[in-house]
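Participant: Those protein sequence lines, which keep their order, are chains Y and R.
Numbering of the first sequence is given in numbering that gives the first Met the number 0, commencing with residue 0 and proceeding in unit increments.
Numbering of the second sequence is given in numbering that gives the first Met the number 0, commencing with residue 0 and proceeding in unit increments.
Note that the Cβ used here is the ideal one computed from N, Cα and C, for glycine as well.
As the structure is a computational prediction, the values presented were derived from the model and not from experiment.
First the structure, which I've put down as structure tokens, then a few questions once you've had a look.
Protein chains: 2
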Amino acid sequence: MTRVRNGHDAHGAGVTRAQRAVLAALAAEGPFVSAQDLHAQLRGAGEGVGLTSVYRALQALADAGEVDVLRTPSGEATYRRCGSDRHHHHLVCTSCGTAVEVEAPALERWVRQVAATHEFAVDSHTLEISGRCRTCARD
Amino acid sequence: MTRVRNGHDAHGAGVTRAQRAVLAALAAEGPFVSAQDLHAQLRGAGEGVGLTSVYRALQALADAGEVDVLRTPSGEATYRRCGSDRHHHHLVCTSCGTAVEVEAPALERWVRQVAATHEFAVDSHTLEISGRCRTCARD
DNA sequence: ACAGCAATGAAAACCGTTTTCAATCGAACG
DNA sequence: CGTTCGATTGAAAACGGTTTTCATTGCTGT
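Put into structure tokens, the structure is as follows:
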């Protein structure tokens, strides 16, 4: 089997070294993290990956749908490797960043209906719920 | 009637010159606009308002709940003076920026319920639907 | 008038992200 | 092996939106 050189992989994930490193770091399935956090983390772990490459890898992975992107209220982009590849929304803890994935078929239906009422052709929609998870709830 | 000097106004809106200018420009009830757009617009109209003041005014007005803030996918903050002061969501046209306000009591209920299921104490939630309005739908 | 504090705005700092560009890597081919 | 050539990498610089700094201006109450 000839080794793949670029994104023509059967699977589309983790082709370049940076992408593999990022995916590995993200594999923990933890909270949403920013590119810079990720970079610091990789650096700390001895992984020699440049910040630029982290950004590029995240961008590529996000484009490929391998990771989910979330903008924090301050405008920073954060990333997470989600369990489901289906369309879903998040419950995000403002304190520790952990996220719970939720699907909401009823919501999706409602969105389509409202859009139709106002004669909008829907491109996309986002729903994010932020609060404190059980663990962080006790200030 | 003594003139008000600062935000201790009965109403909380448009106390400083910059705030008044911004509110006036936003009054058109049109699309969501960025701080810079607003600044250019005011400058064009002969209103001598500095960019810094526009930012400050928007921040104050947003804090006071006088205007709604929306982050574009690129991370830029855009503002709009909404018709309703009640909690609501938006249908936003990606082409012209126009927005339709929608209330969704059923959604609010659903959010609370989902949060409860996962033992989250909800702080806030956002739902934005983006697409093309009827006028812009024809490419 | 005058003191004092809020508002203003130009310029500089900030900060996350993207771009540039030269160096490096590595598969393919001879 | 050695060369070629496109892809990858990363340091540094550019970028763009936003915030901060700080000196100036303008009101307000005395």
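Going residue by residue through the stretch 90-116 of chain Y, where are the continuous alpha helix (DSSP H) segments of at least 4 residues, counting only ones entirely within it?
Facilitator: Fully enclosed alpha helix (DSSP H) runs of 4 or longer: 104-116.
Participant: Pull up the distance between the alpha-carbon of Leu57(R) and that of Val21(Y), whole angstroms please.
Facilitator: C-alpha separation (whole angstroms): 38 Å.
Participant: Excluding the five sequence neighbours on either side, which residues of its own chain have a C-beta within less than 8 Å of the C-beta of His19(Y), listed in chain order?
Facilitator: Going by the sequence as given, residue 19(Y) is Arg instead of His. If we look at Arg19(Y) and ignore the five residues flanking it on each side, its Cβ neighbours are Gly13.
Participant: Starting from the Cα of Ser89(R), find the closest Cα among Gly29(Y), Arg79(Y), Val113(Y) and give me that residue.
Facilitator: Looking at the sequence itself, residue 89(R) is His, so the reference to Ser does not match. Here the closest residue by C-alpha is Val113(Y).
Participant: Can you pull out the residues from the stretch 87-120 of chain Y whose beta carbon lies closer than 8 Å to at least one beta carbon of chain R?
Facilitator: Answer set for the stretch 87-120 of chain Y: Leu90, Cys92, Thr93, Val99, Val101, Ala103, Ala105, Leu106, Trp109, Val110, Val113, Ala114, His117, Glu118, Phe119, Ala120.
Participant: Val21(Y) by DSSP, collapsed to three states: which one?
Facilitator: Residue state, collapsed to three classes: helix.
Participant: Strictly by DSSP, which residues pair up with Ala76(R)?
Facilitator: DSSP output for Ala76(R) lists Arg70(R) as bridge partner(s).
Participant: Use the C-beta contact count for Cys95(Y): other C-beta atoms within 10 angstroms, 16 or more gives buried, fewer gives exposed.
Facilitator: Exposed, because fewer than 16 other Cβ atoms sit within 10 Å of the Cβ of Cys95(Y).
Participant: Leaving out five residues before and five after Gly29(R) in sequence, what residues of the same chain have Cβ atoms less than 6 Å from its Cβ?
Facilitator: Excluding residues within five positions, none has a Cβ falling inside 6 Å.
Participant: Please report how far the alpha carbon of Thr109(Y) lies from the alpha carbon of Val110(R), in whole angstroms.
Facilitator: Residue identity check: residue 109(Y) is Trp in the sequence provided, not Thr. About 14 Å.
Participant: Would you mind working out which of Gly74(Y), Ala136(Y), Ser83(Y) sits nearest Glu118(R), comparing C-alpha positions?
Facilitator: Of the listed residues, the one whose Cα sits closest to Glu118(R) is Ala136(Y).
Participant: Measuring only between beta-carbons, confirm whether Arg55(R) sits less than 9 Å from chain Y.
Facilitator: No, because no Cβ of chain Y sits closer than 9 Å to the Cβ of Arg55(R).
Participant: Would you mind giving the Cβ-Cβ distance between Arg70(Y) and Leu25(Y), rounded to the nearest angstrom? I have them listed as a contact below 8 Å.
Facilitator: Not a contact, Cβ separation roughly 17 Å.
Participant: Ignore the nearest five residues each way along the sequence and tell me which others in Glu102(Y)'s own chain have a CB closer than 8 Å to its CB.
Facilitator: Ser83, Arg85, His86, His87, His88.
Participant: Looking at C-alpha atoms only, which residue of Ala23(Y), Ser123(Y), Val99(Y) is the closest neighbour of Thr116(R)?
Facilitator: Per the Cα distances, Val99(Y).
Participant: If Arg131(R) sits next to Thr93(R), beta carbons under 8 Å apart, how far is it from one beta carbon to the other, in whole angstroms?
Facilitator: Going by Cβ atoms, the distance from Arg131(R) to Thr93(R) rounds to 6 Å, so yes, they are a contact pair.
Participant: If you measure from the beta carbon of Cys132(Y) to each beta carbon in chain R, is any gap under 9 Å?
Facilitator: Chain R, which has a Cβ nearer than 9 Å to the Cβ of Cys132(Y), makes this yes.
Participant: Name the DSSP bridge partner or partners of Arg42(Y)?
Facilitator: In the DSSP output, where bridge partners are listed per residue, Arg42(Y) has none listed.
Participant: Cα-Cα, which of Asp122(R), Ala120(R), Phe31(R), Glu127(R) is closest to Ser123(Y)?
Facilitator: Considering only alpha carbons, the answer is Glu127(R).
Participant: Does the beta carbon of Leu126(R) come closer than 9 Å to any beta carbon on chain Y?
Facilitator: Closer than 9 Å to some Cβ of chain Y, the Cβ of Leu126(R) qualifies, so yes.
Participant: Taking 9 Å as the threshold (C-beta atoms), are Leu106(Y) and Tyr78(Y) in contact?
Facilitator: Going by C-beta atoms, Tyr78(Y) is not nearer than 9 Å to Leu106(Y).
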